[in-house]
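Residue 382 in my numbering is what sits at position 382 of the sequence shown, and the numbering runs on without skipping anything.
For glycine and all other residues, C-beta sits at the position ideal for the given N, C-alpha and C.
All of these numbers come straight from a predicted model, not from anything done at the bench.
Heads up: the structure comes next, in structure tokens.
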Amino acid sequence: MSEKEKELLAGENKPTSRRNEEEEKRAKRKKRDLWIKIVLCLCVVLCVVLTVFESNFFYRGLKAIKVNDTEYSVAEYNWLYTNSYYELYNSLYNTYGSYASYIIDTTKPLKDQKYSDDQTWADYLKEYTDESFKTMTALYDEAKANGYEMGEEYYENIDSEWAAIEATAKNYGTDTASFLVSSYGKGVNEKVYKEMYERYLYAYSYADSVREGFEISSEDIDARYNEDKKAFDAVTYNYYYISGIAAEDQTDEEAMAAAKEKAEAVLAADDMDAYISENYDANLTEVRYSSYANVSSTYSDWLFDDARVAGDKDVFEATGGYYVIEFVEKNDIHYNTVSVRHILVQPEDKNSDESWDAALEKAEGYVDTWNELGGGEDNFGYIAMAYSSDQGSASNGGLYSNIAKGEMVKEFEDWCFDPARKAGDTDIVKTSYGYHIMYFVEEGEEYYTYAIDSTIRSERYSDYIDALIADYSVENAAGRSSVGKHI
Numbered sequence: 001m002s003e004k005e006k007e008l009l010a011g012e013n014k015p016t017s018r019r020n021e022e023e024e025k026r027a028k029r030k031k032r033d034l035w036i037k038i039v040l041c042l043c044v045v046l047c048v049v050l051t052v053f054e055s056n057f058f059y060r061g062l063k064a065i066k067v068n069d070t071e072y073s074v075a076e077y078n079w080l081y082t083n084s085y086y087e088l089y090n091s092l093y094n095t096y097g098s099y100a101s102y103i104i105d106t107t108k109p110l111k112d113q114k115y116s117d118d119q120t121w122a123d124y125l126k127e128y129t130d131e132s133f134k135t136m137t138a139l140y141d142e143a144k145a146n147g148y149e150m151g152e153e154y155y156e157n158i159d160s161e162w163a164a165i166e167a168t169a170k171n172y173g174t175d176t177a178s179f180l181v182s183s184y185g186k187g188v189n190e191k192v193y194k195e196m197y198e199r200y201l202y203a204y205s206y207a208d209s210v211r212e213g214f215e216i217s218s219e220d221i222d223a224r225y226n227e228d229k230k231a232f233d234a235v236t237y238n239y240y241y242i243s244g245i246a247a248e249d250q251t252d253e254e255a256m257a258a259a260k261e262k263a264e265a266v267l268a269a270d271d272m273d274a275y276i277s278e279n280y281d282a283n284l285t286e287v288r289y290s291s292y293a294n295v296s297s298t299y300s301d302w303l304f305d306d307a308r309v310a311g312d313k314d315v316f317e318a319t320g321g322y323y324v325i326e327f328v329e330k331n332d333i334h335y336n337t338v339s340v341r342h343i344l345v346q347p348e349d350k351n352s353d354e355s356w357d358a359a360l361e362k363a364e365g366y367v368d369t370w371n372e373l374g375g376g377e378d379n380f381g382y383i384a385m386a387y388s389s390d391q392g393s394a395s396n397g398g399l400y401s402n403i404a405k406g407e408m409v410k411e412f413e414d415w416c417f418d419p420a421r422k423a424g425d426t427d428i429v430k431t432s433y434g435y436h437i438m439y440f441v442e443e444g445e446e447y448y449t450y451a452i453d454s455t456i457r458s459e460r461y462s463d464y465i466d467a468l469i470a471d472y473s474v475e476n477a478a479g480r481s482s483v484g485k486h487i
């Protein structure tokens, strides 16, 4: 073949090669575009999955625990977990007052606070909530099996509680849905809140009917009292504590010996309070209507000895010091309990007169708001829920039922137990905690009867619950690790 022919042949093949190259490039671009579309689709699907996972909807479907045949979602668990938290904290607050914050710090997550050496408060609260679920489910099942019907007042309670939720959300400047999630945890919405609250009320209204159904006679009450008088009697006494902690230039023995000498000098004084005031710039501390269980074991048996008479006094050694105790009286427990509502307004700085004045002005403003709403117990309760600083009663509309003497501070009780007090009375009372806007609800039954009857019922009810939940168990589900993260 001549060179001319070769050139011609090569020239004819060039367009074909270019076409092949272009087709190959187009195929590569199509393949690349296809992969881009696939990746984009996967990203969209992943975003949707993550959005659903993080949404409240997901937590309403994800199961947290199973109690026998009943399953509960993360949202439902969060609802009871939150209520269990408030129940525990209120119990601590009622016992220790503001010192409860040293046990549970409400500004820190529970998972970062130790309950014991091997448990956080979050761990403990989950166990506590598990038991609550077990008891609630057993009661609910038992009530259904017995055809129990909940009273209309309980449904009204659900409506009033929901109204309080809406009012509180509005007070915090947020919508109800956001408030529920921030306060009760992921997944909790109006439907979950109301359904869980109704289930809870149904179970425990049935429990109330069981407890109230126990027949307890006056003979039962007297027999229980005589069996353990110390469990129900109350005393009023004065005390002064003298520390025996050693200073830098003392031994422990020398410090305790000096403390004992001071205590004996106080004891020998004709007027102990005047002696303490003169020598130590202090005063005797009065403890009113104290039960045996609430008195230090160091001197409880001495105080509750039937031989005690007014004016008896003695010195008792304790760890790190000495107590001087003066017996005032054994209190009469045949009086009527009272039920009141209150709104606590605390000063920002208890050492500042201006803060106290501001607190009083705020309290008076709440009274004005209450009057503008038309007054009445229900409106008082709504304001207490929204504004009261008393965490032990705010969620219950500021209500304390069947108050016994010695449970509250003196000024609070003096107002409550005034013989002239009648239903609907209101006033503002100042105590060391702040200003209390008071609302007198009613006088209750005799403390002696109420206290002993309640004890017997509680003991019988405890036996009933132990038997009822014996066959119930809690099984963890996939969502268990997702509960309680909001506290």
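Contact belief for residue i with residue j at Cβ below 8 Å, rounded distance in angstroms
i	j	result
F232	A386	No, F232 and A386 are not in contact; Cβ-Cβ is about 37 Å, not under 8 Å.
V474	V67	6 Å
K126	G484	6 Å
L344	H436	6 Å
T236	R288	5 Å
G187	N351	Not a contact, Cβ separation roughly 44 Å.
I487	L110	5 Å
R60	V210	At roughly 32 Å, the Cβ-Cβ gap does not stay under 8 Å, so R60 and V210 are not in contact.
E413	N336	Rounded, the Cβ-Cβ distance is 13 Å, inconsistent with contact.
From the options, residue whose alpha carbon lies closest to that of residue i
i	options	result
D228	Y292, E445 and Y239	Y292
A310	S339, L125 and V328	V328
T137	N336, L201 and S454	L201
V429	I158, D281, H342 and K350	H342
D453	K405, E212 and A75	E212
G444	S393, V340 and I456	V340
A145	T455, L468 and I487	L468
T82	E446, F380, A269 and W121	W121
D378	S101, D112, A164 and Q113	A164
T135	T70, I242 and W370	T70
M438	S73, G381, L267 and E459	G381
N238	V367, E219 and L303	L303
V324	L360, A363 and D273	D273
F440	S462, K405, G376 and G406	G376
I245	Q391, E459, G321 and Q113	G321
DSSP three-state assignment for residue i, whether helix, strand or coil
i	result
A420	coil
N336	strand
S218	helix
L62	coil
N248	Checking the displayed sequence, the identity of residue 248 turns out to be Glu instead of Asn. Coil at E248, not helix or strand.
R199	helix
T51	Confidence at T51 is low in this model, with a pLDDT of 38, below 50, so its placement is unreliable and the value that follows should be read with caution. In the structure shown, T51 sits in a helix (DSSP, three-state: H, G or I).
S481	helix
G321	strand
G434	strand
T298	coil
F304	coil
Beta-carbon proximity list for residue i, same chain, < 6 Å, skipping 5 on both sides
i	result
A205	Note on identity: in this sequence residue 205 is Ser, with Ala being the wrong assignment. Same-chain partners within the cutoff: M150 and Y154.
Y448	I333 and H334
T176	E166 and A169
L139	A203, Y206 and A207
R457	R211 and F214
Nearest-angstrom Cα separation, counted from residue j out to residue i
i	j	result
E198	I104	29 Å
S217	G97	36 Å
Y86	D130	15 Å
V52	A478	Summary for V52: the model assigns pLDDT 39, below 50, so the residue's position carries little reliability; its value from the coordinates is reported in the next sentence. Distance between the alpha carbons of V52 and A478 is about 16 Å.
R480	P347	41 Å
Y99	G147	45 Å
N402	D312	32 Å
L62	E161	26 Å
A255	A318	13 Å
L42	S482	Low confidence applies here, because L42 scores a pLDDT of 44, under 50, leaving its location unreliable; read the following figure in that light. Going by the C-alpha atoms only, they are around 26 Å apart.
A420	D427	13 Å
E156	M196	15 Å
D252	I276	24 Å
Y433	F417	19 Å
Y184	N78	6 Å
F58	E190	16 Å
G398	F214	29 Å
D357	W415	21 Å
N90	N396	11 Å
K194	V74	15 Å
A282	A258	18 Å
Neighbourhood of residue i by C-beta distance below 8 Å, restricted to the same chain and skipping five residues each side
i	result
E264	V315
E442	V338, S339 and A423
D305	none
Chain B within 9 Å of residue i, Cβ atoms only
i	result
K260	Absent from the structure: chain B. Only one protein chain is present.
Residues near residue i in its chain [Cβ-Cβ closer than 7 Å; skip 5 each side]
i	result
S116	none
Y464	V210
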